[in-house]
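Numbering (my numbering), first residue to last: 1 to 513. Okay, so here's the structure we're looking at.
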Amino acid sequence: MADVRGRDTWTEELPSLIEDSGVLYGGDPTTTTTTTTTTSFEVYAPHSESGESFKEQALGFVMAWCEILMELGRGFRDILRQNLMNEDSYVVRKFGGPCSKVSKRLRFLNDFLPEDRDPVHAWSVVFFVFILALAAISVDPSREAVAPAVKVRQHPPCASRVLLPDGRYMAYHEQGVPADTARFSLVAPHSFLSSRLAGLPGVKASLLEEYGIRLVTYDLPGFGESDPHPNRNLNSSAMDVLHLVNAVNVTDKFWLLCHSSGCIHAWASLRYIPEKIAGAAMLAPMINPYDTDMTKEETKRTWEKWLQRRKMMYSLARRFPKLLTFFYRKSFLPEKHDEIDKLLSFSLGKKDKLMIEEPEFEEFWQRDVEESVRQGNIRPFIEEAVLQVSNWGFDLKELHVQKKCQTRGILLWLKSMYSQADCELAGFLGLTHIWQGLDDRVVPPSVMEYIERVLPEAVIHKLPNEGHFSYFYFCDQCHRQIFATLFGTPQGPVERQEETATVLEEEVSQVPV
1 MADVRGRDTW
11 TEELPSLIED
21 SGVLYGGDPT
31 TTTTTTTTTS
41 FEVYAPHSES
51 GESFKEQALG
61 FVMAWCEILM
71 ELGRGFRDIL
81 RQNLMNEDSY
91 VVRKFGGPCS
101 KVSKRLRFLN
111 DFLPEDRDPV
121 HAWSVVFFVF
131 ILALAAISVD
141 PSREAVAPAV
151 KVRQHPPCAS
161 RVLLPDGRYM
171 AYHEQGVPAD
181 TARFSLVAPH
191 SFLSSRLAGL
201 PGVKASLLEE
211 YGIRLVTYDL
221 PGFGESDPHP
231 NRNLNSSAMD
241 VLHLVNAVNV
251 TDKFWLLCHS
261 SGCIHAWASL
271 RYIPEKIAGA
281 AMLAPMINPY
291 DTDMTKEETK
301 RTWEKWLQRR
311 KMMYSLARRF
321 PKLLTFFYRK
331 SFLPEKHDEI
341 DKLLSFSLGK
351 KDKLMIEEPE
361 FEEFWQRDVE
371 ESVRQGNIRP
381 FIEEAVLQVS
391 NWGFDLKELH
401 VQKKCQTRGI
411 LLWLKSMYSQ
421 ADCELAGFLG
431 LTHIWQGLDD
441 RVVPPSVMEY
451 IERVLPEAVI
461 HKLPNEGHFS
471 YFYFCDQCHR
481 QIFATLFGTP
491 QGPVERQEET
501 ATVLEEEVSQ
511 VPV
């Protein structure tokens, strides 16, 4: 009977059907009787080393759900591909062409991905993380407490304006001595997110009078109270400067004074109207960060000093300027403004950080920004950013003083064989002084080194421990050093011609006949 059953009792059959049920069955497996047999059993807890904790069970549950969701997503993807992504679908016919063009323009971004990554999957993850980051920034409650924003105020118009030949009005501001007694005339284009009110921040009227300086600042097109220009470029910027100095009676050659990105307009003036300019004073001058004449080492040391957000803004301005509308409108045109380093994505050195915390600087900066965004139009800011990173129409090395001889043409070539060719000096023949802080992280010293290489005649003043703002803003000693370098010993204003004529008449009348 035992041979027929194959096993002695049901207690041996049960473990073959289940594994370690946790139940121990008692009794003698070999005892079989015809009477009622009582079988005892006991329950025991599984050993801790073989069992799972609640945490492990929860983790397994979550992982299982993730797998289910992934499979569900793959199913939806397959359905979309079969129904919407085929050549006959409405979606492909409507958006296939534009999406293909955008994909070709964005294909260069795949160079930043590892070779073993699928671009579609990788950029989907990047986009999702980017959206999450924007959401986190927008709801971060600590930003208001750390850096309280300042409310933007509206001010009544107060600028003097001149009418340009094309019908636009340009706003300007004068400081220093009057035009008829000015020994030197300084014209200052302002930098990005600034206005005519900047000029030389904190310069004393007594210092301008001591040197006989007339300082003329103006609003770039679309900034402050100046009318926008429909087709801005650096050539038109230089022509605006020329029309301005003619309108405000600057008869002699004038000097240019610029700071940071405002220097791109000074570079343009040196290139297109050099005959009107006596010299240039540049503080931390900005160049085109995509200048092809920069070496790889110069480019690397320039870009590595900048924050990622600033790099992204430059990239957008060069490739997709329309996308700047969202960022600039959110940053520049709200009812409240952040501090300068956060507003412009600047990385600042020690002295610059101390400078921007000064109440005098904060008050000046806030008023300047309010004037800059007066018109509530974001387009001039986008144009300014695009001008900086696009092709300028000239290279800085064209300002280098060099001889150019006319040898083109057969007659000129034959003439040059028997006599000296007609040569003339080309480039900017005036003086160019550049002040560069060695702790400047907005315009790094590598930019100055590049300028020094392509313009060896420029005089470079290296400033140890100085940053981007510390030598330019509210520094009486710095302003005096700049004027002393440019103009030498102060001689005061020139005498008016009427006063000179009156003195001569008095002297003549006192001479005995």
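Ideal Cβ placement from N, Cα and C applies to all residues, glycine included.
Helix, strand or coil at residue i according to DSSP, with G and I counted as helix
i: residue 450; result: helix
i: residue 286; result: coil
i: residue 435; result: strand
i: residue 6; result: Unreliable placement is indicated for residue 6, whose pLDDT of 48 sits below 50; no coordinate value is reported for it.
i: residue 191; result: coil
i: residue 463; result: strand
i: residue 162; result: strand
i: residue 103; result: helix
i: residue 29; result: Here residue 29 scores only 44 on pLDDT, less than 50, and its place in the model should not be relied on; the value that follows carries that caveat. Coil.
i: residue 496; result: coil
i: residue 294; result: coil
i: residue 365; result: helix
i: residue 473; result: coil
Whether residue i touches residue j by CB criterion (8 Å)
i: residue 305; j: residue 347; result: yes
i: residue 257; j: residue 186; result: yes
i: residue 383; j: residue 232; result: yes
i: residue 316; j: residue 323; result: yes
i: residue 289; j: residue 263; result: no
i: residue 216; j: residue 172; result: yes
i: residue 303; j: residue 296; result: no
i: residue 483; j: residue 207; result: yes
i: residue 283; j: residue 265; result: no
i: residue 318; j: residue 390; result: yes
i: residue 228; j: residue 379; result: yes
i: residue 351; j: residue 174; result: no
i: residue 492; j: residue 167; result: no
i: residue 293; j: residue 454; result: yes
i: residue 276; j: residue 248; result: no
i: residue 301; j: residue 456; result: no
Residues bridged to residue i (per DSSP)
i: residue 404; result: 424
i: residue 184; result: 213
i: residue 174; result: 216
i: residue 258; result: 282
i: residue 277; result: 254
i: residue 169; result: 163
Cβ neighbours of residue i in the same chain (closer than 6 Å, five flanking residues each side left out)
i: residue 197; result: 368 and 371
i: residue 394; result: 271
i: residue 274; result: 428
i: residue 176; result: 208, 213, 214 and 215
Neighbourhood of residue i by C-beta, 7 Å cutoff - its chain only, sequence neighbours within 5 removed
i: residue 163; result: 169
i: residue 462; result: 436 and 438
i: residue 67; result: none
i: residue 449; result: 298
Span separating the alpha-carbon of residue i from that of residue j
i: residue 78; j: residue 103; result: 22 Å
i: residue 447; j: residue 234; result: 20 Å
i: residue 451; j: residue 396; result: 8 Å
i: residue 97; j: residue 224; result: 42 Å
i: residue 424; j: residue 387; result: 31 Å
i: residue 495; j: residue 400; result: 37 Å
i: residue 65; j: residue 71; result: 10 Å
i: residue 182; j: residue 490; result: 12 Å
i: residue 488; j: residue 180; result: 21 Å
i: residue 313; j: residue 320; result: 10 Å
i: residue 327; j: residue 74; result: 35 Å
i: residue 360; j: residue 158; result: 22 Å
i: residue 329; j: residue 107; result: 28 Å
i: residue 251; j: residue 481; result: 26 Å
i: residue 357; j: residue 365; result: 11 Å
8 Å CB neighbourhood of residue i in its chain, flanking five on each side removed
i: residue 279; result: 255, 256, 430, 431, 432, 433 and 486
i: residue 479; result: 200, 202, 203, 204 and 207
i: residue 333; result: 373, 376 and 378
Near the ligand FMN: residue i beta-carbon under 7 Å from a heavy atom
i: residue 199; result: Ligands in the displayed structure: none, and consequently the ligand FMN is not present.
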